[in-house]
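Residue numbers (full-length UniProt numbering): 1 to 1070.
The beta-carbon is built from N, C-alpha and C at its ideal position, and this holds for glycine as well.
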């Protein structure tokens, strides 16, 4: 019988039944396809926090790590991550170039972020990268973020959703794809889903985490001796009433056990340190590989897909529509990324991944799914789950060969994969040689194994300087194998620079910008350029070359365009190799090495090549050699010292916080902004953000902006905590029982008043039981509107003013008041003649000058004369029409307009008065009469404008005492005048004495003073009893006889105004 001979599925042998090795028959789904871009990819894996810091403002945006743990910010970009195990093992010799902090794992923050990746796109492009694979970027409580807190948010330390969308956009513009890490087997215990530390419950949420719920249930069962059903009922009633919880979906996602508790390394019970159960033992639950920090999703009936609402929220129910739903899987695909790498994929059910594939591919069949599988992955590559896997099998074969293994063993391993994996998957393999879960490539080649089993400092913290030259050369060989074999070569960030590192956490060092190996990074870029130039190296067939020395590993890559022979040498010496290329299908007479450019004769069908030590050649028909180039300028950040990260490029840490006021007193209902008292040190700290918390919200509550509200009599403490460093300061708030005004409202918010009018505004202060409803009134312009203490407003003059009513505690309400000044008179030139077709602008004289009225114009016959909104008239045809102007307040004036055929000059001009007497400030219109149908224009002038003015309509306004001549002049030169006398009436008279005693026969001269002093009034003097006393025209009083021994009036009158004042005269005998 014929069967396999060695388990590698190549050529078999005939043997008996007992010795037969079966061939596996791999049957995969018809139509199984993987994205072509993945087959042609060069993948670059980035651990975001350690790649590049593009925005220091988010470095310290939060200090909250897991539970009560805080993040530790690295001031030195190049310091190595802390290894708590090494601190314990070597406390005295722990290296100074490694961070030594609080002893916790994975809480160091270096500041790398999404903007940093965007800013280094040119570097990645020069390196030849076409796919960026990001370790987790979702909100978390560790630096590795494999413990998700919230799938829907970008971790704020890494940036924002906008930063992510920008990265995706820039990547796409540079022909790159972005793949995200999906961690769906477990979440963080400090997450919205589990909430072991009650953080989300206390901060406010409508969906409760699993732990607070089940802990309450189990406590109730134990303490109240009630059933689980009754305890759950009481739990929901409690959390709904006390915290506003309406959604209990997450309680079904996890197994939390009532009969077990968590134990520490000493087998002592772990107790809750915060939340409702502080001090009580923590109930047990399933954690990933026993880590209580990462509770796993419950597999109902063996499948996460069947667990509560988990599948709907994470995978979604949309398996056909191209429109994304709000599930985690489709939400992030809709934001522009191109696929998922699935963490611990073998620890999630097949059913789950089968539905996951449908969800991912529903949006776009070109989205990729990559599973983390460390062994043979054929069961996942049948077309119903993944497109690719992290090809750790390739890693094992490549590194084993580079470290001196037999080339045949490496070829057998690779051939076994090629024989078993569907072609679509085989060419899409993620061919990595290290990752965040392994020792770095260069250190592994130098003998440092995975899993931190070597405990010496030199092996826990390897350095490039102490790495052997042999290992450094072998890295060139591994890279050559990656870039020439089928599948996507994958670079773990910094490998191209020669970064070293033991297993986690040392393999997660910060990128050594400006310190890398220049030759090595150019080697990677050159290999990427060669791979990009020859499709045979990407998607061509693979045929192993056997029969060479064990140090020589070879294979042929070929497609319709090219056929290429790859030969590699894992020995320390150059090796001469003769290969029958004709048997391999290479029929060229001369071959060339596309790496070094050397040419080799293939006459006779064979070629002899010297394969360099720890390196190799890529041979092809010399006629088909293509020129490749490397963008060395954009590779400089990797090795040029000018690109080293400087201290001033790092965030400035907060060192403390204080309050200007540590005690405040508020009355009930009153608010205060405590944020204005916060002082964060130092002043130039990068992240000065703080958060606020009250010790008793029933007494005093505080919002996120630091606004404190007094709710009830008592005392409460407001704690201010910096987000960077969690430094705190406290303010004691004492609340009095006086009820403060909460709102003030006016009965009017807008009001229009005529000049001189009044109105009383009414203010309503609420609540009704507030202690002090007193209101202060104020006008923004007292010259326009005056307001008294009772809200009574008086319109003083035209304009606008805002009246503000203010309560004692500073609440305000306003009313905007517009004061109008109505017109009392309006004038137009009474009559005029205009030529047909001509236009004249009429101007109305409106009094008082401060009037706010608007004017409207009309014509009695628009067929004869038209008039515009601005008073411009036009003669349409001969005839007569009356133009009327009307003010808003209803005053009118008219002008009789006669339209004539032609202009005519007037032989003369007459005025309606030759003399005119006016009181100060009075107005009077003079009317000018011209010859019939005369079209002359009349202009008016005053001989002294300080005494009286005249406008275009002949309206004279008296200004001050005096005489003036008003002249009307025609355009033909004819004139007429009017003499105007302006008189100033007295408004008040005052005597120098109001009482006087005069002896009989004696005299007294009284003096009168008029206001204004410019008054033109004449005085007359009279006595109320001439038998007692007389007064002459000059105010001289003469006493005649005594009458009843007391007073009689002597009056002084204004002749013009008829106003008077008096003095009582008492007569006495001497």
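**Item:** Simplified DSSP state of residue 378, which is helix, strand or coil
**Value:** In this structure, residue 378 counts as helix in the three-state DSSP scheme.
**CA nearest to the CA of residue 425, picked from 985, 28 and 831** = Out of 985, 28 and 831, the CA that lies nearest to the CA of residue 425 is found in 28.
**Prompt:** Which runs of the alpha helix (DSSP H), 4 residues or longer, sit entirely within the region 71 to 118?
**Reply:** Runs found: 84 to 89.
**Prompt:** Grouping DSSP H, G and I as helix and E and B as strand, with all else coil, what is residue 211?
**Reply:** Helix, per DSSP.
**Request:** Note the first and the last residue of the continuous beta strand (DSSP E) segment covering residue 1074.
**Result:** Nothing about residue 1074 can be reported from this structure: the residues present for the chain run from 1 to 1070 only.
**Span separating the alpha-carbon of residue 71 from that of residue 103** = Residue 71 and residue 103 have their C-alpha atoms some 12 Å from each other.
**Asked** Does the count of Cβ pairs from the region 406 to 419 and the region 463 to 473 closer than 8 Å reach three?
**Response** No contact exists between the region 406 to 419 and the region 463 to 473.
**Prompt:** Since residue 513 and residue 52 are thought to touch, with beta carbons under 8 Å apart, how far apart are those beta carbons, to the nearest angstrom?
**Reply:** Contact between residue 513 and residue 52 holds: CB atoms are separated by about 7 Å, below the 8 Å threshold.
**Prompt:** Of the residues 334, 309, 172 and 696, which one's Cα is nearest the Cα of residue 321?
**Reply:** Closest by C-alpha distance to residue 321, out of 334, 309, 172 and 696, is 334.
**Asked** What are the partner residues of residue 1113, as DSSP defines its beta bridges?
**Response** Since the first and last residues shown for the chain are 1 and 1070, residue 1113 lies out of range.
**Prompt:** Is it the case that the Cβ atoms of residue 398 and residue 433 are separated by a distance below 8 Å?
**Reply:** If you check the CB distance, residue 398 and residue 433 come in under 8 Å.
**Prompt:** For the beta strand (DSSP E) that residue 834 lies in, which residues bound it at each end?
**Reply:** 831 to 835 is the span of the beta strand (DSSP E), which, as asked, contains residue 834.
**Message:** Can you tell me whether residue 1054 is helix, strand or coil according to DSSP?
**Reply:** Note that residue 1054 scores a pLDDT of 47, beneath 50, so its modelled location is shaky and nothing firm can be said.
**Message:** Between residue 690 and residue 680, how many whole angstroms is the CB-CB distance? I'm expecting something under 8 Å.
**Reply:** Going by Cβ atoms, the distance from residue 690 to residue 680 rounds to 7 Å, so yes, they are a contact pair.
**At least 3 beta-carbon pairs within less than 8 Å: the region 686 to 700 vs the region 727 to 738** = A contact exists between the region 686 to 700 and the region 727 to 738.
**Asked** What first and last residue would you give for the beta strand (DSSP E) that runs through residue 649?
**Response** Per DSSP, residue 649 lies in no beta strand (DSSP E) and is assigned neither H nor E.
**Asked** Buried or exposed: where does residue 143 fall if 16 or more other Cβ atoms within 10 Å of its Cβ makes it buried?
**Response** Residue 143 is buried by the Cβ-count criterion.
**Item:** For residue 28, three-class secondary structure by DSSP
**Value:** Reduced to three states, the DSSP call for residue 28 is coil.
**Prompt:** Can the beta-carbon of residue 678 be found closer than 8 Å to that of residue 652?
**Reply:** Contact check for residue 678 against residue 652 fails: the beta carbons are separated by 8 Å or more.
**Prompt:** Quick one: Cα of residue 336 to Cα of residue 169, how far?
**Reply:** In this structure, the CA atom of residue 336 is about 8 Å from the CA atom of residue 169.
**Message:** Could you compute how far the alpha carbon of residue 86 sits from the alpha carbon of residue 644?
**Reply:** If I take the Cα positions, the gap works out to 28 Å.
**Request:** Return the chain-ordered ranges of every alpha helix (DSSP H) run that is complete within the region 184 to 271 and spans a minimum of 4 residues.
**Result:** As far as the region 184 to 271 is concerned, its whole alpha helix (DSSP H) runs of at least 4 residues are 199 to 203, 210 to 224 and 228 to 243.
**Prompt:** Regarding residue 344 and the ligand GDP, is the C-beta to nearest heavy atom distance less than 7 Å?
**Reply:** Looking at this structure, you won't find the ligand GDP or any other ligand, since it has none at all.
**Item:** Sequence-distant residues of the same chain with beta carbon closer than 8 Å to residue 84, five excluded per side
**Value:** 103, 104 and 105.
**Request:** Could you tell me which of 802, 785 and 789 sits nearest to residue 796, measuring between CA atoms?
**Result:** When only C-alpha atoms are compared, the closest one is 785.
**Message:** So, with DSSP's three-state summary, where would you put residue 176?
**Reply:** Coil, per DSSP.
**Asked** Would residue 683 be called buried (16 or more neighbouring beta carbons within 10 Å of its own) or exposed?
**Response** Answer is exposed; the Cβ neighbour count stays below 16.
**Prompt:** DSSP state of residue 750, grouped into three classes?
**Reply:** When DSSP states are grouped into helix, strand and coil, residue 750 belongs to the strand group.
**Message:** On the criterion of 16 or more Cβ atoms from any shown chain inside 10 Å, does residue 1063 qualify as buried, or is it exposed?
**Reply:** Counting of Cβ neighbours within 10 angstroms places residue 1063 among the buried residues, the total reaching 16 or more.
**Request:** For the region 520 to 552, list the beta strand (DSSP E) runs that are entirely contained and at least 3 residues long, ordered along the chain.
**Result:** Qualifying beta strand (DSSP E) stretches, in chain order: 541 to 545.
**Asked** Helix, strand or coil: which one does DSSP assign to residue 643?
**Response** Of the three classes helix, strand and coil, the one that applies to residue 643 here is helix, per DSSP.
**Message:** I need the boundaries of the beta strand (DSSP E) containing residue 356, first residue and last residue.
**Reply:** Run containing residue 356: none in the beta strand (DSSP E); it sits in the alpha helix (DSSP H), 350 to 363.
**Asked** Between the C-alpha atoms of residue 787 and residue 772, what's the straight-line distance to the nearest angstrom?
**Response** Residue 787 and residue 772: Cα-Cα distance of roughly 21 Å.
**Prompt:** Which whole-angstrom value describes the C-beta separation of residue 346 and residue 373, a residue pair presumed to lie in contact below a C-beta threshold of 8 Å?
**Reply:** Contact between residue 346 and residue 373 holds, since their C-beta atoms are separated by about 6 Å, short of 8 Å.
**Exposure of residue 623, with buried meaning 16 or more beta-carbon neighbours within 10 Å** = Classified as exposed, residue 623 has fewer than 16 neighbouring CB atoms from the shown chains inside 10 Å of its CB.
**Prompt:** Where do the N-terminal and C-terminal ends of the beta strand (DSSP E) with residue 1071 fall, by residue?
**Reply:** What the structure shows of the chain is the stretch from 1 to 1070, and residue 1071 is not part of that stretch, so it cannot be assessed.
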